[in-house]
Every structure is written in C-alpha cells, then in structure tokens.
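Heads up: the sequence lines are chains A, B, C and D, in that order. Residues in the first sequence are numbered from 185 upward in steps of one, following our numbering. Residues in the second sequence are numbered from 185 upward in steps of one, following our numbering. Residues in the third sequence are numbered from 185 upward in steps of one, following our numbering. Residues in the fourth sequence are numbered from 185 upward in steps of one, following our numbering.
There are 4 protein chains.
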Amino acid sequence: MREVSDGGGRRTSRGERTRLRLLDATREAVAVRGYVAARVEDIVALAGVSHGTFYTYFENKAAALDALIGTTAEELQAVVDEPWDGPDGAATIETVIGHFVAVFATHAAVVRAWLEASAHETHFAERLREVRGGYVRRVAEVLTPALAGTGHDPALAASALVAMVEGAVTQGVVDRDEIEQGELVRTLRSLWVGGVVRLGEDVEG
Amino acid sequence: MREVSDGGGRRTSRGERTRLRLLDATREAVAVRGYVAARVEDIVALAGVSHGTFYTYFENKAAALDALIGTTAEELQAVVDEPWDGPDGAATIETVIGHFVAVFATHAAVVRAWLEASAHETHFAERLREVRGGYVRRVAEVLTPALAGTGHDPALAASALVAMVEGAVTQGVVDRDEIEQGELVRTLRSLWVGGVVRLGEDVEG
Amino acid sequence: MREVSDGGGRRTSRGERTRLRLLDATREAVAVRGYVAARVEDIVALAGVSHGTFYTYFENKAAALDALIGTTAEELQAVVDEPWDGPDGAATIETVIGHFVAVFATHAAVVRAWLEASAHETHFAERLREVRGGYVRRVAEVLTPALAGTGHDPALAASALVAMVEGAVTQGVVDRDEIEQGELVRTLRSLWVGGVVRLGEDVEG
Amino acid sequence: MREVSDGGGRRTSRGERTRLRLLDATREAVAVRGYVAARVEDIVALAGVSHGTFYTYFENKAAALDALIGTTAEELQAVVDEPWDGPDGAATIETVIGHFVAVFATHAAVVRAWLEASAHETHFAERLREVRGGYVRRVAEVLTPALAGTGHDPALAASALVAMVEGAVTQGVVDRDEIEQGELVRTLRSLWVGGVVRLGEDVEG
DNA sequence: AATGAATGAGTGTTCATTCAT
DNA sequence: CATGAATGAACACTCATTCAT
Numbered sequence: 185m186r187e188v189s190d191g192g193g194r195r196t197s198r199g200e201r202t203r204l205r206l207l208d209a210t211r212e213a214v215a216v217r218g219y220v221a222a223r224v225e226d227i228v229a230l231a232g233v234s235h236g237t238f239y240t241y242f243e244n245k246a247a248a249l250d251a252l253i254g255t256t257a258e259e260l261q262a263v264v265d266e267p268w269d270g271p272d273g274a275a276t277i278e279t280v281i282g283h284f285v286a287v288f289a290t291h292a293a294v295v296r297a298w299l300e301a302s303a304h305e306t307h308f309a310e311r312l313r314e315v316r317g318g319y320v321r322r323v324a325e326v327l328t329p330a331l332a333g334t335g336h337d338p339a340l341a342a343s344a345l346v347a348m349v350e351g352a353v354t355q356g357v358v359d360r361d362e363i364e365q366g367e368l369v370r371t372l373r374s375l376w377v378g379g380v381v382r383l384g385e386d387v388e389g
Numbered sequence: 185m186r187e188v189s190d191g192g193g194r195r196t197s198r199g200e201r202t203r204l205r206l207l208d209a210t211r212e213a214v215a216v217r218g219y220v221a222a223r224v225e226d227i228v229a230l231a232g233v234s235h236g237t238f239y240t241y242f243e244n245k246a247a248a249l250d251a252l253i254g255t256t257a258e259e260l261q262a263v264v265d266e267p268w269d270g271p272d273g274a275a276t277i278e279t280v281i282g283h284f285v286a287v288f289a290t291h292a293a294v295v296r297a298w299l300e301a302s303a304h305e306t307h308f309a310e311r312l313r314e315v316r317g318g319y320v321r322r323v324a325e326v327l328t329p330a331l332a333g334t335g336h337d338p339a340l341a342a343s344a345l346v347a348m349v350e351g352a353v354t355q356g357v358v359d360r361d362e363i364e365q366g367e368l369v370r371t372l373r374s375l376w377v378g379g380v381v382r383l384g385e386d387v388e389g
Numbered sequence: 185m186r187e188v189s190d191g192g193g194r195r196t197s198r199g200e201r202t203r204l205r206l207l208d209a210t211r212e213a214v215a216v217r218g219y220v221a222a223r224v225e226d227i228v229a230l231a232g233v234s235h236g237t238f239y240t241y242f243e244n245k246a247a248a249l250d251a252l253i254g255t256t257a258e259e260l261q262a263v264v265d266e267p268w269d270g271p272d273g274a275a276t277i278e279t280v281i282g283h284f285v286a287v288f289a290t291h292a293a294v295v296r297a298w299l300e301a302s303a304h305e306t307h308f309a310e311r312l313r314e315v316r317g318g319y320v321r322r323v324a325e326v327l328t329p330a331l332a333g334t335g336h337d338p339a340l341a342a343s344a345l346v347a348m349v350e351g352a353v354t355q356g357v358v359d360r361d362e363i364e365q366g367e368l369v370r371t372l373r374s375l376w377v378g379g380v381v382r383l384g385e386d387v388e389g
Numbered sequence: 185m186r187e188v189s190d191g192g193g194r195r196t197s198r199g200e201r202t203r204l205r206l207l208d209a210t211r212e213a214v215a216v217r218g219y220v221a222a223r224v225e226d227i228v229a230l231a232g233v234s235h236g237t238f239y240t241y242f243e244n245k246a247a248a249l250d251a252l253i254g255t256t257a258e259e260l261q262a263v264v265d266e267p268w269d270g271p272d273g274a275a276t277i278e279t280v281i282g283h284f285v286a287v288f289a290t291h292a293a294v295v296r297a298w299l300e301a302s303a304h305e306t307h308f309a310e311r312l313r314e315v316r317g318g319y320v321r322r323v324a325e326v327l328t329p330a331l332a333g334t335g336h337d338p339a340l341a342a343s344a345l346v347a348m349v350e351g352a353v354t355q356g357v358v359d360r361d362e363i364e365q366g367e368l369v370r371t372l373r374s375l376w377v378g379g380v381v382r383l384g385e386d387v388e389g
C-alpha cells in the first residue's frame, strides 16, 4: 500500500492541524463536486489556506484523495479482519453487514470519489481491487464448505454478495440515519443468508 | 441535440455511415481511456475523420456518449418490459437474469463510462437513475405479494437484488464468454431465489 | 537528431505561415529575454496568435527552440561539410572561418539561447556537443599530419581553435556588420594559421 | 546585500560556519543542476539547515551565487594582476595560461553557473564582462606594440585569445588532473605564441 | 541564530469548441 | 458535408520569499 510522501509540514502540531483541515476540505470538495471537478482551489478555499500550502502537505490532488482513502480502507479492512464465525451464522452475518453498512455510510462520499477516480488513475482502481479482493476472499473462505458439490464457485458467489451489499449502500440508499440502516441491514441479512442456503442445496449440473 | 433525420431515404447514406463510425470510435475511446480522459481528438482519430466533423454529428462530447447510452438503455429497458411471470418462478428469474447479464456483457464499456460520467454530469446520473428505477420498480412489484407482513420494504430488497446483479457483472467478473456467463447466471439465480424465499419467511419485527 | 513532433497544422499554407510566425516570434522573444525568461505568452503575443495555437505547432517551449536550433545546426554543419582543402591553406582557413563567423552572426541570438538551454535540458547540451564535435573532429583531421611527432593532441588543439572562433563570435564582438566581420575574420585567420604552424614546430617533450 | 560582518571576533563562529556550509551547498547544488534549476530547497537540504536560515545569510538566491562568484573573480583577477613580462615571452605566457587554467579547473562549476546566470540577470553579465574586460585589456596592452602597422585591433585579438583559453577550459576539456592540464597548457601556449607572432608579421591591408 | 509553515504570483499546458475555407 | 486551424478558459503545480515562534 503506497504511502504518499508529503513534502513538509506535519512536524509541528500547527502543521498537523493544517493537514487535517486540508483533509477535511478535500473530503468536502470531493463530496460536493466529485474528484475530477473538485479543484485544488476549492479545497484550499474550504480549508482557509493559500494555494501553495496544499502542496506543502500533498504532492498533488491525487495524493490528497489517497490519504482520505487511507482511513476508509483501514476501517473497511477492519471489518474483514473481525472474527466472522459465531454460533449463530445469521446473527454473525448481520453483525458483519451492519459494520460494513456503517463504515460505508460514514465514508460514502469518499467511496464515491474513489470509484470515480478509479476510472482515471490505475492506482485507485488497484487499491479498490485490493480492498474488494480482501472481502471476496474472506467471504469465499466462509462459503467454501457449504458449496462443496454444488458446482458453485465460492469466489463468484462471494463477489455477488459483496457487490450486493456495496451496491445497495453506495447507490444512495442510506445515509447516516440509524433506522434506515437497520432496515437495510435486516433485508440484506435475509437475502444473504437465504441465498447462501439455497446455493448449498443446489446439486452440480 | 441535433438528431440526424432518418425519416426516409437510404439507411446508410454517407452521413449515416460517418455517424456510425463516430459512435464506434466513441465507444472504443471511452472503453480504453474512460469518459473524461477520452478526448474528442482520440475519437476523431479512431473514426478517421477531421476534428470538425465530430461536431457535425454531435453537439458535444456528452452528446456522443448519450447516443451510445441510448442503445444500452433501450436494451436494458427491453429486459424490464419482458413478461416476467411464468409457471416456474426460478426459471423465469434465471431467464431474466440471463438477459440482463448478456446485455451488460455486451455493453460493459459503455456502462462503465456511463457510471463515470454520472459523477460529472447530472444528466447521466439521472438517466442512470431512471433505468435503475425501472428495474427496481419492476422487481419490487413482483416481490410485493411475497413480502407482505415481513416488514421488508420491497423497494429496498429490489434495490439490493438489482445491485447484486449489476455489481457482479460490471466488476469485470464476466466478459462475452458464454460459459462464464452461464455459471454466473446460475449462481445469481440461486442467490436471488433463495434470498427472496427467506425474505418471505421473515416475520415483522 | 530528434525531430520534434508537431501536433497539427502545417498541412495547409495557412498553417505553414502560422508556424513560421511562431518560429520568428520565438526567436525574437528568446533574443530579448533569454530562453528561460521568454514565456509562451510572450511568443504568442509577438506572433499575434492565441495561446493554444502555440501548442498546435509545438509540443512545448523546448520544441520551439529545438526547431529554431534545427536551422542553425544545419547551416553550421554545412560549413563542416564544405571542402576545406585548397591550394592555399591560409586562404582556405579564412574562407571557412568567414562562413563560420557569418553563420554565427546570423544566428547569434539562437546560439545564445541554445547555450543557456544547455544548462537546463540535457537534450540541448547533447545537440550542442554533437555540432561542436563535428567541428572538432574535422579540424583535428586536418591538423593531424602537421602535428605528428609534436606531442600535441590534434583533438585538444582543434577544441581550442574552435573555442576561439566560437567564443570570439558569441561574446558579442560582432553583429551583422560585414566590415567588422571581415576584420575579425582576418585576425582569427592569422591567429589560427600562426598557431597551427607553431604547433607543428614543437618537438615532443 | 547583507554582508556578514567579519571585522573582528573568531573567524569561525557558529554563524560563520553555517554561512560556509551554505556556500558549499550552493556550489554543489549549482554544479549538479545549474543555477536556475537549483532550488533554495536543494541548497538548504545539502547544508542541513532550515529553509529560513538561508535568508539569514543571503538576501536571495542570486546573492548566494554572487558570493560564490566573489572568490572566483578574485582569483581570476589575481592572474591579471601578476607581472606578465619576463625575459622569455613564451615562458611567461605559459605561466599565465597555466594559472588561468588552474583557476578555471578549480572553479569550473561556479563559472558555468555564472555563465548561465548571465543570461537571466544583468548583474552577472556585467560582472562577467568586467572580469573578461580586465583580461582583454591586459592582453591587448601587451599585444599593442607588436601589432603596430599590422591593421589588427589589439582588443579584437586579445578577445579571441582569451576566448580560446576560456572556451577550451570551460567546455569540459580539463578537470583537476594536473597532467591533462599540463598538456592543454602547452598546446594553448603554442597556439597563442604562434598566433601572436603571425599577427605581428601581417601588413596592413 | 534557527526553524519550518505559510504565502501567492507566475507559467506551462490541455482540450472542448468554433468557424472560415 | 468535411476540413483543420484557431481559440481561450481553465487548472495544476512550482518555488522564492516571508514571518511567527
């Protein structure tokens, strides 16, 4: 995972504060206008610093988004790293999905920008693939025993399930409203569990 | 938006052929570099026409993508308009998903550009919402009776199912290989059917 | 010798004229302000075209100087390619030096910019080395028989003689005034011939 | 131009040492990247001091180069100020050229930067002209009696001879290798002496 | 004396779009 | 219909210099 070099700053607490302001401003600008349309000028205006200061902290616009993505990727990864097995499969899945939905709801703007940036710069596409890959591998792992003899490829099934959750969340279906989130989580849980059960009942054809 | 008249006369007059070449070139350019990065210069170079000619046929770059999207949207809509009810629910779903996957596999590049363009221009986002909305409404309609009393919102469930299919397809999981497509369709069918069955078994909480 | 690609233009006589205007403007701008200080804005203002037009003809500022250098390098090379041997050595040398001085007087501004640019971009330094190398090799060739047994390296002597002529000319000693040029040529001729004769009289020590 | 006081006190107080380090760093940076391309940031990084410290010692980047040039100019001037007349003209010339070559070999990087800076800032061009002028005047003075009645302008001849020596040395022909230097000096001596003798033999045309 | 964060003017370059031929 | 030269607004990025601490 490529850590972006920052030219300077950050050695004092004043610097650290400025960096944080710039990060917030980047998130904001990117949320409102998208990654490509967000100009460095917008960002510095929001942060209340001069143009040059941006480049004290980030090598370029991409580096600022990359830094933003860093946090999101970490939190997303944390969900993957949780223990996923409990006595009650359905409850476990619900917990996992719940965390996933919560993370996405928190970072929705960043994820949307990340998606957009993936169309322009390979780096972002790769980073996205990495994170998704982590999820898919983990889900596939959990699925594998149940799918033996069904003719279903665990990786394919995992991709679809992850896509379902990610898509449902990113397409603006939820925001930070907890009730809405809870509703979505319940529905996703049943779709997931029911789907997986059915997969397990198929016989290789 | 200057639409070339096609009311009468030969179907592939010289002008019509140029328009088609430009459309192909746009698809190609957009597939390789993405919508924003694809320059009009790339397109005309691929089409083998001059710079100015592009603007004889399209008002601007967005219009060319929009024309491309037209075909995709139509074919996508055709799937929605098919009769979805048959004696065997699972078989019907599989047919529908199969068509959906096939359409996506054919138009994957355009869809990716469409997604990307949605981040920049409201028009594309709206058109995407419309098409998705059509799917979601149709699926929700079909789901409604089964979900009565379960506490699940049919629209929410439909969104998730559509997102699953769309996501599985767009994330590069399939290309035009029929066997791969068939495998994916089988898996999606089981996930879909099993998920829906489970939804129907839930009781309002 | 790298020919710089030009993005477009030059296919019509109108384009050719614009290109020439830009080349003239570049020469002028570079003569007045130097290579680094000359802005593309200065050039297009002098040429009376828009900013973007510059980039229709040249990839970047360096390419415009490179094109300018092209002519100079060719004329300089032509002097090298002339026959240098005549019945009267001194007269021949005078002719050669005369042409050299004339070429330099014509292209003094470009050469000064070339020299300056050599400090920034390897490409220009290399091209300069090539041209100088051609001169030095040619002079060394002519000198070789006379220097046998003297312990003098022909290449070293040639470098010094070429440097003398180049330096005398570039350091603003002459402009296009023919009389001045004639005077300088006479003096350089005698220094050159006398120097070479003396070299030939030395004995290896 | 803020000159650090060195009227009294310890010669290498802490401040003096920092100044020296900055001077060395400037020389180094300028040798590697050239005057324009060398950034203050490069200099302070090499010197191991902070950005602001640079400006404690030098008003600006030009002032640092100017300070560097000071030493070179002094040593160059010292050669001019030596007694140039001895019983043996050729031997004297060889001595003078030898010193000149040695000075240039020592300060080659600074001289190249000086040359480059002359294209940007009048101040450096003037200073260069001054130093060159000193040489040329001195040489012309020595040449004058010998050139009476020859129609050669002593100043012109002197310029050419100085250009020969300067050019031969700056164009990378020598470095600090004494043997190479000795060889070059011998060759330059013979070219110089032979050339001057020939000039003296010409008759006004 | 030293630090390093902040400044902002300056400039090269891109590219969608127009329009005379 | 077609051409391709011309346009110019828009932006990212650099770096010498300042100044609060």
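All C-beta atoms, glycine included, are put in the ideal place defined by N, C-alpha and C. From a predicted model like this one, the values you see are computed outputs, not experimental measurements.
Asked: Hey, is residue 252 of chain C's beta-carbon within less than 8 Å of any beta-carbon in chain D?; Found: no
Asked: Counting C-beta neighbours from all protein chains within 10 Å, is the total for residue 376 of chain D 16 or more, i.e. buried, or is it exposed?; Found: buried
Asked: Using a threshold of 8 Å, state whether the C-beta atoms of residue 335 of chain D and residue 386 of chain D are closer than that.; Found: yes
Asked: At a CB-CB cut-off below 9 Å, which residues of chain A make contact with residue 361 of chain B?; Found: Here the premise fails: no neighbours, minimum Cβ distance about 13 Å.
Asked: Kindly indicate which three-state DSSP category residue 329 of chain B falls into: helix, strand or coil?; Found: helix
Asked: Got a sec: is the Cβ-Cβ distance from residue 225 of chain C to anything in chain D below 8 Å?; Found: no
Asked: Give the list of continuous alpha helix (DSSP H) stretches no shorter than 4 residues that lie fully inside the stretch 214 to 266 of chain B.; Found: 224 to 231, 235 to 241 and 245 to 265
Asked: Using 10 angstroms around the beta-carbon of residue 306 of chain C, count the other beta-carbons present and answer buried if the total reaches 16, otherwise exposed.; Found: exposed
Asked: Leaving out five residues before and five after residue 330 of chain B in sequence, what residues of the same chain have Cβ atoms less than 6 Å from its Cβ?; Found: 384
Asked: Would you kindly work out how many angstroms separate the C-alpha atoms of residue 302 of chain D and residue 308 of chain D, rounded to a whole number?; Found: 5 Å
Asked: Within the continuous alpha helix (DSSP H) that includes residue 283 of chain A, where are the two ends?; Found: 273 to 302
Asked: Please list, in chain order, all residues of the same chain as residue 233 of chain D whose beta carbon is under 8 Å from its beta carbon, the five residues on each side excluded.; Found: 202, 205 and 206
Asked: Cβ of residue 383 of chain C less than 8 Å from any chain D Cβ?; Found: yes
Asked: Taking the Cβ atom as the reference point for each residue, do residue 286 of chain C and residue 355 of chain C lie within a distance shorter than 8 Å?; Found: no
Asked: In or out: residue 216 of chain D buried (at least 16 other Cβ within 10 Å) or exposed?; Found: exposed
Asked: Please list the partners that residue 337 of chain C has in chain D, where partner means a Cβ-to-Cβ separation under 8 Å.; Found: 367 and 371
Asked: Where does residue 354 of chain B fall in DSSP's three states?; Found: helix
Asked: Starting from residue 377 of chain D, follow the alpha helix (DSSP H) in both directions and report where the run begins and ends.; Found: 362 to 385
Asked: Look up residue 185 of chain C in the DSSP assignment and say whether it is helix, strand or coil.; Found: For residue 185 of chain C, the pLDDT reaches just 35, beneath the cut-off of 50, and the residue's location in the model is therefore unreliable, leaving the point undetermined.
Asked: Between the stretch 300 to 313 of chain A and chain B, which residues of the former have a C-beta closer than 8 Å to a C-beta of the latter?; Found: 300, 303 and 304
Asked: If we count Cβ pairs, one from each stretch, closer than 8 Å, do we get three or more for the stretch 220 to 239 of chain B versus the stretch 252 to 260 of chain B?; Found: no
Asked: Spell out whether any CB of chain C is found under 8 Å from the CB atom of residue 234 of chain D.; Found: no
Asked: Specify the secondary structure class of residue 199 of chain C as computed by DSSP and reduced to three states.; Found: helix
Asked: Please look up how many angstroms separate the CB atoms of residue 393 of chain B and residue 321 of chain B, rounded, as I've assumed it's under 8 Å.; Found: In this structure chain B extends from 185 to 389, so residue 393 of chain B is not present and cannot be described.
Asked: Based on Cα-Cα distance, which residue from C:281, C:231 and C:288 lies nearest to residue 258 of chain C?; Found: C:288
Asked: Checking contacts by CB at 8 Å: is residue 192 of chain B closer than that to chain A?; Found: Because residue 192 of chain B carries a pLDDT of 38, less than 50, the predicted location of this residue cannot be relied on, and the following value inherits that uncertainty. By this cut-off, residue 192 of chain B is not an interface position.
Asked: Rounded to whole angstroms, what is the Cα-Cα separation between residue 324 of chain D and residue 239 of chain C?; Found: 49 Å
Asked: Check whether chain A comes within 8 Å of residue 197 of chain B, counting only Cβ atoms and requiring the distance to be less than that.; Found: no
Asked: Mind checking whether residue 219 of chain C and residue 297 of chain C have CB atoms under 8 Å apart?; Found: yes
Asked: Using a Cβ-Cβ distance cut-off of 8 Å, determine whether residue 351 of chain D contacts chain C.; Found: yes
Asked: Any idea what DSSP makes of residue 306 of chain C, helix, strand or coil?; Found: helix
Asked: Using a Cβ-Cβ distance cut-off of 8 Å, determine whether residue 282 of chain B contacts chain A.; Found: no
Asked: Should residue 386 of chain C be flagged as near chain D, meaning a C-beta pair shorter than 8 Å?; Found: yes
Asked: Say whether chain A places a C-beta atom closer than 8 Å to the C-beta of residue 218 of chain B.; Found: yes
Asked: Report the residue from A:265, A:263 and A:209 whose alpha carbon sits nearest the alpha carbon of residue 230 of chain A.; Found: A:209
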